[in-house]
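Student: Take 703 as the starting number for the sequence shown in our numbering and just add one per residue. Here a beta-carbon is modelled for each residue, glycine too, at the ideal position from N, C-alpha and C.
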Amino acid sequence: PGLAIRIVCAERPLISDFDLFVTTQHHLHLIANLSLCDKDSEEFSTVTQHLSEADLKTISGHDFEIATTLLPVQSVGVQGDGRSYAYAAALSTNERPIPWELLERLAHVIPRLLHNINRVVYVFGNAVEYPVNDVTRTYLNGFTVGLIKWADRIASDVLCGLGENGKRDLTLDVCLQKIQQMPVVMIPIHFDRDPLERRASTLRSFVLRPFITNDFMTGVAALPGKDIPEQVLALQNSVQIVPGFEM
Numbered sequence: 703p704g705l706a707i708r709i710v711c712a713e714r715p716l717i718s719d720f721d722l723f724v725t726t727q728h729h730l731h732l733i734a735n736l737s738l739c740d741k742d743s744e745e746f747s748t749v750t751q752h753l754s755e756a757d758l759k760t761i762s763g764h765d766f767e768i769a770t771t772l773l774p775v776q777s778v779g780v781q782g783d784g785r786s787y788a789y790a791a792a793l794s795t796n797e798r799p800i801p802w803e804l805l806e807r808l809a810h811v812i813p814r815l816l817h818n819i820n821r822v823v824y825v826f827g828n829a830v831e832y833p834v835n836d837v838t839r840t841y842l843n844g845f846t847v848g849l850i851k852w853a854d855r856i857a858s859d860v861l862c863g864l865g866e867n868g869k870r871d872l873t874l875d876v877c878l879q880k881i882q883q884m885p886v887v888m889i890p891i892h893f894d895r896d897p898l899e900r901r902a903s904t905l906r907s908f909v910l911r912p913f914i915t916n917d918f919m920t921g922v923a924a925l926p927g928k929d930i931p932e933q934v935l936a937l938q939n940s941v942q943i944v945p946g947f948e949m
């Protein structure tokens, strides 16, 4: 279909029910930080009764905080037998190395427990401190298509092991044999603005989705450190050179 479908457009934040939005954010943080929750609380019991032993062991076995941010945009996903339109959840942390296996498990658990979330993404950098309650006004036009083309080219170059100058960078692995597809999606989200500063939402963000598949119909997300080398995180630094964007 082309690059246009990789631009999430918005004029205003999608928060039709603010109370539901706040409640979902609370439950999202609870699930991601189950290990820090009071084990005798009713909330802990409510969540754990829907988890397998393997899920519970993985997501409750850490002693650091996972920051959670509910994004006020619609994401297209698949839940059950049909297509769904729901919120995306963003996870971030100051923990290093990045706990990819924990994040992967949370990405499966969260949409299963919270049905008004259908996508989970990781935000590079420091843990996101402030909530996101508005969006950067974004339309489908020549300007935004040009920006997504630029970001897509940078991502493709890194997968081919090329540096910012377009030449082979020996510090980067060529990942084309390991990752069959990696769409770059632009979303109208400007992270980490202190509400007290009253800063307008002016930046956008890129989502990278490395994907392993044999038939391009079904597949799994590629996990850094497991399916692809951690050096793929150089994508973060390279894509950040696009003006007006963050990751």
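1. Residues in the same chain with beta-carbon distance under 7 Å from D757, minus the five sequence neighbours each way, listed in chain order, please.
2. In chain order, what residues of the same chain have a beta carbon less than 7 Å from the beta carbon of K851, not counting five sequence neighbours either side?
3. Between the segment 711-718 and the segment 832-851, can you find at least three pairs of beta-carbon atoms closer than 8 Å?
4. Quick one: is L849 buried, meaning 16 or more other Cβ sit within 10 Å of its Cβ, or exposed?
5. I'd like the ranges of any beta strand (DSSP E) spanning at least 3 consecutive residues and lying wholly in the segment 863-894.
6. Determine the direct distance from the alpha carbon of V749 to that of H953, and round the result to whole angstroms.
7. F908 and V830 - do their beta-carbons sit closer together than 8 Å?
8. Can you tell me which of Q882, L753, A902, G927 puts its alpha carbon nearest to the alpha carbon of I733?
9. Just tell me which of I819, F766, L815 has its CA closest to the CA of Y787.
10. Using DSSP bridges, identify the partner residues of V823.
11. In this structure, how does DSSP classify S777 when only helix, strand and coil are distinguished?
12. Looking only at its own chain, which residues have a Cβ that is under 8 Å from the Cβ of V775, when we skip the five neighbours before and after it?
13. With which residues is T840 paired in a DSSP beta bridge?
14. Does the contact criterion of 3 or more C-beta pairs under 8 Å hold for the segment 911-919 versus the segment 869-886?
15. Going by DSSP, name the residue or residues bridged to L772.
16. Could you tell me which residues DSSP pairs with F723 in its beta bridges?
17. Closer than 7 Å by C-beta to D929: which residues in its own chain qualify, once you throw out the five before and the five after it? Chain order, please.
18. Once the 5 residues before and after A901 are set aside, which same chain residues still bring their CB inside 7 Å of it?
Tutor: Reading from the atomic positions:
1. Working through the sequence shown from its first residue, we reach residue 757 at position 55. The residues are R807, V811.
2. The residue labelled residue 851 in the question sits at position 149 within the sequence shown. For K851, where only same-chain residues beyond five positions count, the Cβ hits under 7 Å are L705.
3. With the cut-off at 8 Å, the segment 832-851 and the segment 711-718 touch.
4. To locate residue 849, count along the sequence shown from 1; it is residue 147. Answer is buried; the Cβ neighbour count reaches 16.
5. 886-889
6. The chain is shown from 703 up to 949; residue 953 falls before or after that span and cannot be answered.
7. Counting from 1 along the sequence shown, the entry for residue 830 is found at position 128. Counting from 1 along the sequence shown, the entry for residue 908 is found at position 206. No, the pair does not count as a contact, with Cβ atoms beyond the cut-off.
8. In the sequence shown, counting from the first residue as 1, residue 733 sits at position 31. If we check each option's Cα against that of I733, L753 comes out closest.
9. On the sequence shown, residue 787 is found 85 positions in, with the first residue counted as 1. Checking every option, the nearest Cα to that of Y787 belongs to I819.
10. If you number the sequence shown from 1, residue 823 lands on position 121. Beta-bridge pairing links V823 to A792.
11. Within the sequence shown, the letter at position 75 stands for residue 777. Strand.
12. Within the sequence shown, numbered from 1, the residue matching residue 775 stands at position 73. Beyond the five residues adjoining it in sequence on each side, V775 comes within less than 8 Å, by CB distance, of V710, A712, P715, L716, Y789, A790, V837, I889, P890, I891 in the same chain, given in chain order.
13. Position 138 of the sequence shown, counted from the start, is the residue given in the question as residue 840. Paired residue(s): A712.
14. In the pairwise beta carbon analysis, the segment 911-919 is classified as touching the segment 869-886: at least three pairs are separated by under 8 Å.
15. Start at 1 with the first residue of the sequence shown, and residue 772 comes out as number 70. Note: L772 sits in a beta bridge opposite A791.
16. Translated into positions along the sequence shown, residue 723 becomes position 21. Paired residues: none, contrary to the question.
17. Position 227 of the sequence shown holds residue 929. Only K880, I914 meet the Cβ criterion.
18. Counting from 1 along the sequence shown, the entry for residue 901 is found at position 199. The displayed chain sequence assigns Arg, not Ala, to residue 901. Cβ within range, chain order: R895.
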